[in-house]
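Visitor: Submitted below is the structure of interest, expressed as structure tokens.
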Amino acid sequence: MVEHQDETRTAYDGVVDLYASLFADRLETRPFARAMVATFAELVRGTGNLRTADVGCGPGHLTALLHGLGLDAFGLDLSPAMVDHARRAHPALRFDEARMEAMPVEDGALGGVMAHYSMIHTPPGELPAVLAEQVRVLAPGGLFLVSFFGTEGPQPVRFDHKVTPAYSWPADRFAELLSAAGLTPFARLLHDPASERGFLDAHLLARRT
5 MVEHQDETRT
15 AYDGVVDLYA
25 SLFADRLETR
35 PFARAMVATF
45 AELVRGTGNL
55 RTADVGCGPG
65 HLTALLHGLG
75 LDAFGLDLSP
85 AMVDHARRAH
95 PALRFDEARM
105 EAMPVEDGAL
115 GGVMAHYSMI
125 HTPPGELPAV
135 LAEQVRVLAP
145 GGLFLVSFFG
155 TEGPQPVRFD
165 HKVTPAYSWP
175 ADRFAELLSA
185 AGLTPFARLL
195 HDPASERGFL
205 DAHLLARRT
């Protein structure tokens with residue numbers, strides 16, 4: 005796990021400014037994704053536990069969005085350069101360097117965890133351990149929103165992402181992994197791609213049981 009994460013961290017460290025310029029306002033043109041984030045935030049608020057992690061937060065724009073939606077949001081990212089950028093861009097919010105499978109959060113502390121296209125670089129065999137960590141930090145009844153590239157085939161597909169290799173997933177297979185980790189998937193949104201790759205955009209909402 006460490007080897008591919010080192011490669012991912014180095015790759016994202018090298019594209020911070022470009023990445024931020026391309027994606028900081030991207031949800032303004034993505035109504036479906038924006039709606040899922042808003043729904044997630046509303047459901048987290050309903051739990052009464054507003055503390056929420058934006059896992060793989062990148063330049064911090066979605067952490068700020070969650071904060072604007074009424075959550076006590078903080079960001080975690082593997083890339084120290086991304087964390088530095090996020091802290092400069094959003095000085096009122098908390099950002100920390102962390103790995104998704106070893107989050108600096110107490111057991112059962114969070115009302116929500118969001119992973120917006122941040123688990124796409126995790127090899128399929130390592131994803132269960134990453135999901136188990138998200139379950140560990142969620143309080144019972146806490147919400148998990150994961151967004152990823154979807155494929156209609158039966159297996160995950162490795163592809164050459166512009167930053168570093170990534171995987172697209174059949175939504176059903178990803179939902180099965182959530183269930184195996186101790187989450188109950190209850191909503192999903194699949195829609196036509198907004199990129200030339202041709203993958204579906206996939207969003208799954210689940211609750212810790």
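Just so you know, we're using our numbering here: the sequence shown kicks off at 5 and counts up by one. Just so it is clear, CB atoms sit at the ideal spot from N, CA and C, and this is done for glycine as well. Because the structure is a prediction, the values reported are computed rather than measured.
Please classify glutamate 137 as buried or exposed, where buried requires at least 16 neighbouring CB atoms within 10 angstroms.
Guide: buried
Visitor: Which residue or residues does DSSP assign as beta-bridge partners of tyrosine 171?
Guide: Arg162
Visitor: Look up glycine 79 in the DSSP assignment and say whether it is helix, strand or coil.
Guide: Three-state result, glycine 79: strand.
Visitor: Do leucine 209 and alanine 191 have their beta-carbon atoms positioned less than 8 Å apart in this structure?
Guide: Yes, these two residues count as a Cβ contact at 8 Å.
Visitor: Could you work out which residue in Pro132, Pro84 and Leu70 is closest to alanine 179 when comparing CA atoms only?
Guide: Answer by Cα proximity: Pro132.
Visitor: Looking at alanine 206 and serine 122, is the spacing between their C-beta atoms short of 8 Å?
Guide: Taking C-beta atoms as the reference points, serine 122 and alanine 206 fail to come closer than 8 Å.
Visitor: Identify whether alanine 203 lies in helix, strand or coil by the three-state DSSP scheme.
Guide: Looking at the sequence provided, one finds phenylalanine at residue 203 rather than alanine. In the structure shown, phenylalanine 203 sits in coil (DSSP, three-state: anything other than H, G, I, E or B).
Visitor: Can you check whether the CB of proline 108 is closer than 8 Å to the CB of methionine 86?
Guide: No, these two residues do not count as a Cβ contact at 8 Å.
Visitor: Is the beta carbon of asparagine 53 sitting closer than 8 Å to the one on glycine 146?
Guide: yes
Visitor: On the CB-based measure, 16 or more other CB atoms within 10 Å of its CB, does glycine 221 come out buried or exposed?
Guide: The displayed coordinates of the chain run from 5 to 213. Any statement about residue 221 would go beyond what the structure contains.
Visitor: Consult DSSP for histidine 94 and reduce its assignment to one of helix, strand or coil.
Guide: coil
Visitor: At which residues does the beta strand (DSSP E) containing valine 150 begin and terminate?
Guide: 142-154
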